[in-house]
Amino acid sequence: MPIKPSPSVSRAITRKRATLNEQLACALEGGGCDRRRHALGRHCRQHQRRRERWGHPLGCRVPAVALKRHLRWWREFIGLNPESPQLKRAVAHIARLLRGDLPATALTISWRIPRPPRGIKAHLRRLHEGGLGGAEALAMVGALNRLAYSEHPLDVGALPDDDRLSVAMGRAVVLSRPLPKRRDPRTPSGYAKDKSVEPPGSICLALGRHLRGQLAGLFAWVTLEERKSKDKKTREASAA
Ligand SMILES: [Zn+2]
1 MPIKPSPSVS RAITRKRATL NEQLACALEG GGCDRRRHAL GRHCRQHQRR
51 RERWGHPLGC RVPAVALKRH LRWWREFIGL NPESPQLKRA VAHIARLLRG
101 DLPATALTIS WRIPRPPRGI KAHLRRLHEG GLGGAEALAM VGALNRLAYS
151 EHPLDVGALP DDDRLSVAMG RAVVLSRPLP KRRDPRTPSG YAKDKSVEPP
201 GSICLALGRH LRGQLAGLFA WVTLEERKSK DKKTREASAA
């Protein structure tokens, strides 16, 4: 049986490992960052923070203007297909998610951590009480997926298909209703003046991964439908 070190010894080992790790350079892909690594991570503090926030050390905000066209397309698609069982199922699933009717295990980030990120239930309740419906959330998430897989020359590289996409999806949903005010007992109102609270990256990631996993089939079907209707239009145009 392996010998388990006492807590103080394992803390000392962790500190030692961190000290050694911090002598290495940031492992940013493609290089370009000569800062030292932070704690036990592979990246420097700045790139680690960016990864926590955007799902990737080089992640950043998706510009609303890039999304506009795709959002319009998705809203129209949902409006044109009210009877589609695929869409109905997806909308119903998201509504259940927002109502908090899904088991907690559905929102875990990885199998190693069996609990969902802290505070995710409160965020879902806030969104539900704020009137966010399944169809509205589906349009936002679908638009991001469409942007990521877009073949439009202007969209290239707008949103890589990795955790950046998952975080962007979760973030779009979480930010679709005003965030709770930050408490600050030092101010007369009891709330901070700057009322915006950044949603934790882990909540966005958990939500986005769940949605992507659940909606992958729907997105594949939608892409196929879109291609079919495009082909039909091209055939009609060439026949005319
Ligand atoms: Zn770095």
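Reading the sequence shown from the start, the letters are residues 1 to 240 in my numbering.
Here a beta-carbon is modelled for each residue, glycine too, at the ideal position from N, C-alpha and C.
It should be emphasised that the depicted structure is a prediction, and the values quoted were computed from it without experimental measurement.
Counting C-beta atoms within 10 angstroms of its own C-beta, Leu-207 has 16 or more neighbours from the protein chains shown and is therefore classed as buried. Cβ-Cβ separation between Leu-224 and Val-141: approximately 18 Å, too far for a contact (criterion under 8 Å). According to the DSSP assignment, Asn-145 belongs to the alpha helix (DSSP H) that extends over 134-148.
Among the bridge pairs identified by DSSP, Arg-182 is matched with none. Taking the Cβ atoms as the reference, Arg-183 lies roughly 6 Å from Gly-190, within the contact range of under 8 Å.
For Ala-168, the secondary structure class from DSSP, reduced to helix, strand or coil, is helix. For Ala-90, the uninterrupted alpha helix (DSSP H) run begins and ends at 85-99, by DSSP.
Remark: the C-beta of Cys-26 is in contact range of ligand 1, defined as less than 7 Å to any heavy atom. Classified as exposed, Ile-13 has fewer than 16 neighbouring CB atoms from the shown chains inside 10 Å of its CB.
Here DSSP, grouped into helix, strand and coil, assigns Arg-11 to helix. When the five nearest sequence neighbours on each side are left out, the beta carbons in the same chain lying within less than 7 Å of the beta carbon of Gln-214 are those of His-93, in order along the chain.
If you draw a straight line from the Cα of Ser-238 to the Cα of Ala-135, it is about 36 Å long.
Burial is judged here by how many other beta carbons sit within 10 angstroms of a residue's own beta carbon; His-123 has at least 16 and is buried. Contact between the stretch 143-158 and the stretch 42-60 is absent: fewer than three C-beta pairs spanning the two stretches fall below 8 Å. Residue side-chain check: Gln-46 places its Cβ nearer than 7 Å to a non-hydrogen atom of ligand 1. For His-128, the shortest C-beta to heavy atom distance toward ligand 1 is 7 Å or greater.
Shortest Cα-Cα distance from Glu-29 to any of Leu-138, Gln-48 and Ala-18 involves Gln-48.
The C-beta distance from Asp-163 to Leu-205 rounds to 6 Å, short enough to meet the 8 Å contact threshold.
The beta carbons of Leu-87 and Ile-78 sit closer together than 8 Å.
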